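These notes concern the structure reproduced below.
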Amino acid sequence: MTYPGRLIEATPLLELIVGRINNTLFCRTSPHDISRTRPIAAVGLIVFILWLACPVTGAEFKLAHQQITHGPQHHFFGYIGQSLTTPWSGDGRYILSLRTSFHDRMPEPGEPADIVLIDTQQDYRVSQVDQSRAWNFQQGTMFYWHPKAANTQFFFNDRDPETNDIFTVLYDIKQGKRLREYRFDNLSIANGGVSPTGEFFLAINYGRMAKLRPVTGYPGATDHTNGARAPDNDGIFRVDIESGKAKLLVSFQQLKQLLNDRHSDIENVGFYINHSLCNRDGTHVYFYARARYGDKTMSINVPCSVRTDGTGLKSHKYIGGHPEWDEGTVVIGAKGDRQVCYDIERQAIVGQIGTEAIIPKPGGDVSLSTSPDWFVCGYSTSDRKHNQYVVYRRSDGAYARSELFSRGPYQRGVLRIDPAPRWNRDQTAVLVPALTADGTRQLQLLTIKTQTDP
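Each residue of the sequence shown is one higher than the one before, starting from 16 at the first, in my numbering.
Given below as structure tokens:
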């Protein structure tokens with residue numbers, strides 16, 4: 016079942032009318048002011064109601080659903096479609112996925128998952144191309160099609176089976192082989208976010224995360240920091256894709272100094288990084304500086320940003336949810352019940368997507384299309400048993416809500432099935448996960464259908 020609908024976004028005229036109505040009806044100051052402004056308010060209210068009743072110029076749409084993978088094995092992509100992360104190859108033919116024979120436990124150290132291609136031109140036929148020993152159920156293996164060769168090349172993370180060191184692989188499906196492995200002496204780091212420009216990727220320590228926040232780590236991976244709370248030789252690295260050289264952009268020691276007043280026992284919290292995201296221009300990184308203290312995995316949870324040359328490190332007021340880049344220096348997140356747009360340079364909220372009624376849980380998993388006109392927010396239902404999605408067109412406010420997708424018993428913890436939506440390249444479909452009737456994790460396709468579609 017689908018829930019088509021539409022609503023227009025706020026405009027300066029609408030804001031002016033609403034502001035006048037609010038000021039007149041709810042912010043009264045004197046009888047003279049009331050008598051002078053009440054006629055204006057009445058006219059404004061009539062205009063506002065008529066304006067809302069007018070039809071939207073854009074076509075309404077609905078979401079069609081199709082399951083594209085099937086058991087008995089499990090298929091999943093992993094990460095959210097942030098920073099133009101997409102499962103689809105540049106030409107749209109192939110969809111990347113991991114495949115496993117289990118999903119009711121975390122992988123043992125070095126236990127592999129198959130890397131498969133799903134052929135959209137051959138009835139979603141699945142074929143294996145490689146394996147990864149560095150993965151988890153929430154983020155997969157950090158797949159990303161190489162922006163400079165997206166028809167045939169993609170990145171994924173792997174580990175050395177002898178040393179447990181983590182590294183990133185560049186694979187070419189046309190040549191059927193690994194073109195490069197990004198390994199470093201005395202460092203066990205791998206891709207945490209590719210720049211959409213294709214110049215570099217951000218690398219982080221997944222062995223450290225396996226200890227401090229297991230859901231996003233790789234079990235048994237090497238941690239070269241040896242348990243240091245805020246090491247000065249670890250944090251977010253910038254790895255040049257062409258040269259293979261790594262540079263430390265921001266260290267945990269820098270984050271400790273920046274956030275020194277955020278915890279009463281700052282010397283004994285263990286810092287780590289989540290959601291290291293490059294903006295679309297490749298000029299800024301937005302990330303969450305987090306720290307574990309005892310059993311509390313997020314005793315510190317502060318959004319930060321830094322330029323991709325390592326300058327301009329700053330912290331921000333908390334903008335919740337799973338962040339996504341809009342254009343320029345604007346990120347999308349949650350503030351209370353609103354899906355807001357926040358400019359990291361101005362350090363101010365500069366806009367809102369939809370309304371609280373359209374996007375009931377803005378702290379969910381969000382993804383913005385290439386254009387970037389289309390926005391999707393995935394969120395769990397109040398009983399946490401299902402995921403649901405709302406697709407919103409920013410240009411005219413049209414939106415549609417999906418059917419419910421089962422999470423089964425995987426509603427919390429390291430095995431949970433997060434909504435994690437990801438756009439295709441022509442913004443006509445979104446790939447999402449679900450637990451199917453046979454008890455397996457499978458990939459589902461939500462396709463946008465307009466009134467003119469067959």
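Virtual Cβ for every residue (Gly too), placed ideally from N, Cα, C.
These numbers were taken from a predicted model, which means no experiment stands behind them.
| Check | Outcome |
| --- | --- |
| So what does DSSP say about Glu196, is it helix, strand or coil? | strand |
| I need the DSSP call for Pro211, collapsed to helix, strand or coil. | coil |
| Report the partner residues of Glu339 according to the DSSP bridge assignment. | Ile347 |
| Would you kindly report the start and end of the unbroken beta strand (DSSP E) that includes Lys464? | Arg456 to Thr465 |
| Could you say if the stretch 445-454 and the stretch 407-426 meet the contact criterion of at least three C-beta pairs nearer than 8 Å? | yes |
| Among Tyr308, Leu264 and Lys350, which residue has its Cα nearest to the Cα of Arg244? | Tyr308 |
| Among Gly191, Ala225 and Arg353, whose alpha-carbon lies nearest the alpha-carbon of Trp150? | Ala225 |
| Thinking just about the alpha-carbon of each residue, which of Ile368, Thr231, Asp280 and Phe169 is nearest to the one in Ile256? | Phe169 |
| Go through the stretch 260-293 residue by residue and report every complete run of the beta strand (DSSP E) that reaches 3 residues or more, in order. | 261-266 and 285-293 |
| Identify, in the order they occur along the chain, each residue of the same chain with its Cβ nearer than 8 Å to the Cβ of Ser142, setting aside the five sequence neighbours on each side. | Val131, Leu132 and Asp134 |
| Quick one: Cα of Lys189 to Cα of Lys311, how far? | 46 Å |
| Specify whether the stretch 371-391 and the stretch 333-347 touch according to this definition: at least 3 beta carbon pairs, one from each stretch, less than 8 Å apart. | yes |
| According to the Cβ coordinates, are Ala306 and Gly285 closer than 7 Å? | yes |
| Less than 8 Å between the CB atoms is what I'm expecting for Lys329 and Cys319, so what's the real figure, rounded? | 7 Å |
| Taking just the CA atoms, how far does Asn439 sit from Glu177? | 37 Å |
| Just reading off the alpha helix (DSSP H) that Lys226 is part of, what are its end residues? | Tyr221 to Leu227 |
| Rounded to the nearest angstrom, how far is the Cβ of Gly336 from that of Gly379, given a contact under 8 Å? | 6 Å |
| Please name the residue, chosen from Tyr404, Ile359, Arg140 and Gln362, that lies closest to Lys376 on a Cα-to-Cα basis. | Tyr404 |
| Under 7 Å between the Cβ atoms of Leu217 and Gly208? | yes |
| State the start and end residues of the unbroken beta strand (DSSP E) segment that holds Gly93. | Note, Gly93: premise wrong, no beta strand (DSSP E); not H, not E. |
| Between which two residues does the beta strand (DSSP E) containing Gln442 stretch? | First-last for Gln442: undefined, no H or E at that position. |
| Among the candidates Asn402, His299 and Val230, whose CA atom is the shortest distance from the CA of Gly428? | Val230 |
| Flag this pair as touching only if the stretch 393-401 and the stretch 450-465 have three or more C-beta atom pairs under 8 Å; answer yes or no. | no |
| What are the residues that DSSP puts in a beta bridge with Gly366? | Cys356 |
| Quick check on the burial criterion: 16 or more other C-beta atoms within 10 angstroms. Buried or exposed for Thr455? | buried |
| Please report the distance separating the alpha-carbon of Gly366 from that of Asp358. | 9 Å |
| I'd like the list of long-range same chain contacts for Asn316, defined as Cβ closer than 7 Å, with 5 residues on each side in sequence excluded. | Tyr303 and Arg305 |
| Taking the DSSP output, what are the residues bridged to Phe170? | Tyr159 and Leu185 |
| Specify the secondary structure class of Leu113 as computed by DSSP and reduced to three states. | strand |
| Alpha carbon to alpha carbon, how far is Arg322 from Glu360? | 11 Å |
| Could you please give me the residues that DSSP links to Phe76 through a beta bridge? | Thr465 |
| Can you tell me where the beta strand (DSSP E) with Trp389 in it begins and where it stops? | Trp389 to Ser395 |
| Could you spell out the range, first to last residue, of the beta strand (DSSP E) harbouring His85? | It is not in any beta strand (DSSP E) - His85 carries neither H nor E in the DSSP assignment. |
| Can you give me the C-alpha to C-alpha distance between Ser291 and Met157, rounded to a whole angstrom? | 12 Å |
| Nearest CA to the CA of Arg347: which residue from Tyr301, Ala372 and Ile373? | One detail in the question is off: residue 347 reads as Ile in this sequence, not Arg. Considering only alpha carbons, the answer is Tyr301. |
| Is the CB-CB distance between Ala79 and Thr467 below 7 Å? | no |
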